[in-house]
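Peer 1: Pasting in a structure now, in structure tokens, and then I'll have a few things to ask.
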Amino acid sequence: MFKNKKFNIKEFLSENAVPVVFLTLSIIFVYYSGTQPAIIMNDVVARFARNAFFVLSLLFPVLAGMGLNFGIVVGAMAAQIGIYTALALELSGLPAVLLATVVCIPFALLFGFLSGWLNNKTKGQEMLTSMFVGYFAHGVYMLLFLFIIGGIIPINVYELVLPSGVGARSSLDLTQIKGALDSIVKVDLFTFVFILAALSAVITVANTIKNKKLDVTKTVLTVALVVVGVAGNTLPALSMFKRVVKVPVVTYALIGILCAFISMFFKTKLGQDMRAVGMNMEIAEVSGINVNKTRITANMISVVLSAFGQIMFLQNLGTLSTYTAHQNVGMFAGAALLIGGASVTKATVPQALLGTFLFHLLFNVSPLAGQNIFGSALIGEYFRVFIVYGVIALAIVLHAAKKASGKK
Amino acid sequence: MEKAKKLIQDYGVSRFIVTCFAILLLVVAFLQGQDMNILFSDIINRFGMYAFFSLAMVPSIISGTLLNFGITLGILAGVLAGLISLELGMTGLTGIGFALALAIPFGVIVGFAYGLLLNKVKGSEMVVATYVGYAAVYIMCIGWMVLPFKNPAMVWAIGGEGLRTTITLDGYYDAILSGMWNFQIGGVTIQGGMIAIIALACFIVYLFTRSKMGIAMRAAGANPIYASAVGVNVNKQRIIGTILSTVLGALGIIIYAQAFGFYQLYTAPMNMSMYPVAAVLIGGATTRKIKISHVLLGTVLYQTIITVAVPVASILVPDGGLGDVVRIIVSNGIILYALAQAGGNK
Numbered sequence: 000m001f002k003n004k005k006f007n008i009k010e011f012l013s014e015n016a017v018p019v020v021f022l023t024l025s026i027i028f029v030y031y032s033g034t035q036p037a038i039i040m041n042d043v044v045a046r047f048a049r050n051a052f053f054v055l056s057l058l059f060p061v062l063a064g065m066g067l068n069f070g071i072v073v074g075a076m077a078a079q080i081g082i083y084t085a086l087a088l089e090l091s092g093l094p095a096v097l098l099a100t101v102v103c104i105p106f107a108l109l110f111g112f113l114s115g116w117l118n119n120k121t122k123g124q125e126m127l128t129s130m131f132v133g134y135f136a137h138g139v140y141m142l143l144f145l146f147i148i149g150g151i152i153p154i155n156v157y158e159l160v161l162p163s164g165v166g167a168r169s170s171l172d173l174t175q176i177k178g179a180l181d182s183i184v185k186v187d188l189f190t191f192v193f194i195l196a197a198l199s200a201v202i203t204v205a206n207t208i209k210n211k212k213l214d215v216t217k218t219v220l221t222v223a224l225v226v227v228g229v230a231g232n233t234l235p236a237l238s239m240f241k242r243v244v245k246v247p248v249v250t251y252a253l254i255g256i257l258c259a260f261i262s263m264f265f266k267t268k269l270g271q272d273m274r275a276v277g278m279n280m281e282i283a284e285v286s287g288i289n290v291n292k293t294r295i296t297a298n299m300i301s302v303v304l305s306a307f308g309q310i311m312f313l314q315n316l317g318t319l320s321t322y323t324a325h326q327n328v329g330m331f332a333g334a335a336l337l338i339g340g341a342s343v344t345k346a347t348v349p350q351a352l353l354g355t356f357l358f359h360l361l362f363n364v365s366p367l368a369g370q371n372i373f374g375s376a377l378i379g380e381y382f383r384v385f386i387v388y389g390v391i392a393l394a395i396v397l398h399a400a401k402k403a404s405g406k407k
Numbered sequence: 000m001e002k003a004k005k006l007i008q009d010y011g012v013s014r015f016i017v018t019c020f021a022i023l024l025l026v027v028a029f030l031q032g033q034d035m036n037i038l039f040s041d042i043i044n045r046f047g048m049y050a051f052f053s054l055a056m057v058p059s060i061i062s063g064t065l066l067n068f069g070i071t072l073g074i075l076a077g078v079l080a081g082l083i084s085l086e087l088g089m090t091g092l093t094g095i096g097f098a099l100a101l102a103i104p105f106g107v108i109v110g111f112a113y114g115l116l117l118n119k120v121k122g123s124e125m126v127v128a129t130y131v132g133y134a135a136v137y138i139m140c141i142g143w144m145v146l147p148f149k150n151p152a153m154v155w156a157i158g159g160e161g162l163r164t165t166i167t168l169d170g171y172y173d174a175i176l177s178g179m180w181n182f183q184i185g186g187v188t189i190q191g192g193m194i195a196i197i198a199l200a201c202f203i204v205y206l207f208t209r210s211k212m213g214i215a216m217r218a219a220g221a222n223p224i225y226a227s228a229v230g231v232n233v234n235k236q237r238i239i240g241t242i243l244s245t246v247l248g249a250l251g252i253i254i255y256a257q258a259f260g261f262y263q264l265y266t267a268p269m270n271m272s273m274y275p276v277a278a279v280l281i282g283g284a285t286t287r288k289i290k291i292s293h294v295l296l297g298t299v300l301y302q303t304i305i306t307v308a309v310p311v312a313s314i315l316v317p318d319g320g321l322g323d324v325v326r327i328i329v330s331n332g333i334i335l336y337a338l339a340q341a342g343g344n345k
């Protein structure tokens, strides 16, 4: 019995080596950053909310066998077109966000279709292609925002264009839409835990009735959440967390809905087709799946979701760096997914969520930890970007090595 | 008409379009009344700066490791060699000679390790190279902060940490090669020294590709299964190709720096590999085939577009840097086009 259990721990560690390593690293960095954990937590809660959509959007191309879709930056560009339109129409608050969402969808679908089509032309090199799609699209985007806006499309809002009248300003103030989603309902951390506990309880009961058997893991989870909630409201040690950490409920609800949607989606015919294409294109083709079409669909869903993600991101941030806000979206999301324990070909919703959390925790604490460990915040900043590229490089090397040795 | 179509197809459609675009830019520049002498001198100067990087694509492509996006690794090795030459206070031809000589062993070591890695990831070399290159840039960012360089011209004067972002070569070997044997033809400055060096390098690479080893490398790259059947050690050839490419990159950055006047550290080498990749593709190379002529023509065309687009665009549209936008669209567009051409048959 004991031996068996030990074996399991070993297996658990080897299967989850990447998240375990990054969790350890994060804990060390949190310690050395010398910042109040509650303050870090509050920032991570906000970062998680604004980045989860990007990371989740990567699940579709990964499961369809296209690897990490660095081309989701085109979705972010579509979102910025939407936001800019809303600003040009002088909308504010929730209507602006809704309009931006409506406007970005057709653009995102088009961009997703085009990049998906290109991915089909370059099978086996999709990650490289999607990266260059991002770079290429950046050029086209600059053309649009620097010359066509104001140059061909007249913009009447003074704050949106450069003094010459042609081209968008490089930094736009989004005060009028800041928090449009986040501020609808904000609760403290432990109230949020209670909400989660209630949700979890409902699901547990539903599962128990459906399967006529007690869902043990879910019951434990519910109880654990209740315990955490009670502890947070009573223990003085956690009062700082209760005071500082604010959770934007609507944003988290949207993330929850997306997670549920993804789990359900992969049970549908289209979702199953996508998985089949991801496993083996030839077999999928033989069994009557339109491989190219399925891959394009996966790409389009991914781009649309990342467009939504960028809108959520910008309404949280409150400023738009017109020419750079989209650039690192794909890279960071890819790294986050991998840190959660996913590979280039396999990823799950929990991995995406865990990865988003760990990645942004590490991102938050790296500069201060660098300052305190190495005497230089800059080293911490370089280190965290190195982590981004290093983890992506490692994942791609492992995947490519496996693929290459499989061929022999 | 048919004949013209055939001619264009022989020349290559993408190369034809880019050539026309470059000529169009030159014509517009001329009509705008730009100083063509300065423009041509600039093109020649920039050609000299980038030719070595483009040449570095030759061994990697013929050995079958495809376009070397990982030339960044060679660049970092070269910068390190260059900084050591400055740290030792070496100036003039001795300085650059020392830097170049030191860049070779650095490039060999890095290229060897990188070649071993590329042999493990056959079929995905380009994407691996890109990300390994990016990761290496950031490792070296930390390196530039902590390496024990002492030369006051290289480290931040007061209160700063680590090396400066740009390190001037003024007083060391600024323009030592690009200023050598220069002469004028009708107002255009021809950099005799640079052209001689590049010609020599091209000739050496050409001789190499015709040598016994070069032919074995070609075989390994073109058809690895056949090559190993006739006794060529494919993995070894790929490593040699990678080493050569990395060394050329390392030498390239020193030659680039002396023409530019600075070593650029930290994130500057990030996307430097995109320039030669786009250039050789424009010149007519593919991911599997390249000739010296592709290198030379491509570098000239690419640098012509970059050099001429900026002043032309700034007259057409006064604000905003349209020239840079054109560069981004053209270079990434051509890379995507090449990827699509290469990937279509699989």
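Sequences listed follow chains A and B, in order.
Per numbering that gives the first Met the number 0, the very first residue in the first sequence carries number 0; after that it's consecutive.
Per numbering that gives the first Met the number 0, the very first residue in the second sequence carries number 0; after that it's consecutive.
Glycine included, C-beta positions come from ideal geometry on N, C-alpha and C.
Model, not experiment: these values are computed from the prediction.
For L117(A), go through chain B and note every residue whose CB falls closer than 9 Å to its CB, in chain order.
Peer 2: Neighbours of L117(A) on chain B, chain order: L335, L338 and A339.
Peer 1: Check whether the Cβ of I391(A) lies closer than 7 Å to any Cβ atom in chain B.
Peer 2: Chain B, which has a Cβ nearer than 7 Å to the Cβ of I391(A), makes this yes.
Peer 1: Run down chain A in chain order and give the residues with a C-beta less than 8 Å from the C-beta of M125(B).
Peer 2: Per Cβ cutoff of 8 Å: Q124 and L127.
Peer 1: Look at the alpha carbon of S301(A) and the alpha carbon of L257(A), and state the distance between them as a whole number of angstroms.
Peer 2: Answer to the nearest angstrom: the Cα atoms are 12 Å apart.
Peer 1: Measuring CB to CB, does F46(B) end up less than 7 Å from A80(B)?
Peer 2: Result no, Cβ atoms of F46(B) and A80(B) do not sit closer than 7 Å.
Peer 1: Using the rule of at least 16 other Cβ atoms within 10 Å of the residue's Cβ for burial, across every protein chain shown, is G248(B) buried or exposed?
Peer 2: Answer is buried; the Cβ neighbour count reaches 16.
Peer 1: DSSP beta-bridge partners for K185(A)?
Peer 2: Its beta-bridge partners are P247(A).
Peer 1: Can you tell me whether E1(B) is buried or exposed, with buried defined as 16 or more other CB within 10 angstroms of its CB?
Peer 2: Counting Cβ neighbours within 10 Å, E1(B) comes out exposed, since fewer than 16 surround it.
Peer 1: Kindly say whether I327(B), judged by its beta-carbon, lies nearer than 7 Å to any beta-carbon of chain A.
Peer 2: Yes, I327(B) lies at the interface with chain A (some Cβ there is under 7 Å from its Cβ).
Peer 1: Per DSSP, which residues does Q190(B) bridge with? Please list them.
Peer 2: Bridge partners of Q190(B): N181(B).
Peer 1: Quick check: is any heavy atom of the ligand ZN less than 6 Å from the C-beta of L280(B)?
Peer 2: Annotation note on the ligand ZN: not contained in the displayed structure, which lists no ligands.
Peer 1: Give me the subset of the segment 81–114 of chain A whose CB atoms are less than 8 Å from a CB atom of chain B, sorted by chain position.
Peer 2: Within the segment 81–114 of chain A, no residue qualifies.
Peer 1: Pull out every residue of the segment 282–293 of chain A whose Cβ sits closer than 9 Å to any Cβ of chain B, in chain order.
Peer 2: Here the close residues number zero.
Peer 1: In chain B, which residues lie less than 7 Å from S375(A) when you measure between Cβ atoms?
Peer 2: Here the neighbours are M144 and E160.
Peer 1: Please return the same chain residues whose Cβ sits closer than 7 Å to the Cβ of I289(B), not counting the five positions on each side in sequence.
Peer 2: Result list for I289(B): M56, V57, I60, I61 and V279, in chain order.
Peer 1: Tell me, please, whether the CB atom of V384(A) is closer than 7 Å to any CB atom in chain B?
Peer 2: Cβ-Cβ to chain B under 7 Å: yes for V384(A).
Peer 1: Which residues in the same chain as G96(B) place their Cβ atom closer than 6 Å to its Cβ, once the five residues preceding and following it in sequence are excluded?
Peer 2: So the list is empty, once near-sequence residues are dropped.
Peer 1: With Y274(B) and F52(B) assumed to form a contact (beta carbons below 8 Å), what rounded beta-carbon distance in angstroms separates them?
Peer 2: Confirmed, about 6 Å.
Peer 1: Does DSSP put Q263(B) in a helix, a strand or coil?
Peer 2: Here Q263(B) sits in strand by DSSP.
Peer 1: Answer with buried or exposed for N119(A), where buried requires no fewer than 16 other C-beta atoms within 10 angstroms of its C-beta.
Peer 2: N119(A) should be labelled buried.
Peer 1: Please work out which residues of its chain come closer than 7 Å, Cβ to Cβ, to Y172(B), disregarding the five sequence neighbours upstream and downstream, and give them in chain order.
Peer 2: Counting only Cβ-Cβ distances below 7 Å, and skipping sequence neighbours, we find T90, G91, G94, I95 and Q257.
Peer 1: Bridge partners of S272(B), per DSSP?
Peer 2: Paired residues: none, contrary to the question.
Peer 1: I'd like to know whether the C-beta of K121(B) is nearer than 7 Å to at least one C-beta of chain A.
Peer 2: With 7 Å as the cut-off, K121(B) counts as an interface residue toward chain A.
Peer 1: Taking C-beta pairs closer than 7 Å, name the residues in chain A that V324(B) reaches, listed in chain order.
Peer 2: Those are G138, M141, L142 and L145, listed as they occur along chain A.
Peer 1: If you measure beta-carbon to beta-carbon, which residues of the segment 42–53 of chain B are closer than 8 Å to chain A?
Peer 2: Answer set for the segment 42–53 of chain B: empty.
Peer 1: Between A221(B) and chain A, is there a C-beta pair that is closer than 7 Å?
Peer 2: No, A221(B) does not count as interfacial toward chain A.
Peer 1: Within the same chain, show all residues whose beta-carbon is closer than 8 Å to that of Y225(B), passing over the 5 residues directly before and after it, in chain order.
Peer 2: These residues qualify, in order along the chain: A218.
Peer 1: Quick one: using the 10 Å Cβ neighbour count with 16 as the cut-off for buried, is T129(B) buried or exposed?
Peer 2: T129(B) is buried by the Cβ-count criterion.
Peer 1: Count Cβ pairs between the segment 95–115 of chain A and the segment 318–328 of chain A that sit closer than 8 Å; are there 3 or more?
Peer 2: The segment 95–115 of chain A is not in contact with the segment 318–328 of chain A.
Peer 1: Pick out whichever of T266(B), I203(B) and L117(B) has its Cα sitting closest to the Cα of L66(B).
Peer 2: Of the listed residues, the one whose Cα sits closest to L66(B) is L117(B).
Peer 1: I'd like to know whether the C-beta of I372(A) is nearer than 7 Å to at least one C-beta of chain B.
Peer 2: No - not a single Cβ of chain B is within 7 Å of the one on I372(A).
Peer 1: Might you give, ordered along the chain, the residues of its own chain that have their beta carbon closer than 7 Å to the beta carbon of L361(A), omitting 5 neighbours on each side?
Peer 2: If we look at L361(A) and ignore the five residues flanking it on each side, its Cβ neighbours are F21, L24, S25, F28, R383 and I386.
Peer 1: Rounded to whole angstroms, what's the CA-CA distance from G164(A) to G255(A)? Just pull it up for me.
Peer 2: If you take the alpha carbons of G164(A) and G255(A), they lie about 42 Å apart.
Peer 1: Strictly under 7 Å for the Cβ-Cβ distance: is K185(A) near chain B by that measure?
Peer 2: It does not: the Cβ of K185(A) has no partner Cβ on chain B nearer than 7 Å.
Peer 1: Since Y113(B) contacts T286(B) with CB under 8 Å, what's their CB separation in whole angstroms?
Peer 2: Not confirmed; about 18 Å, so no contact.
Peer 1: So, is the C-beta of Y225(B) closer than 7 Å to a C-beta in chain A?
Peer 2: No, its Cβ sits nowhere closer than 7 Å to a Cβ of chain A.
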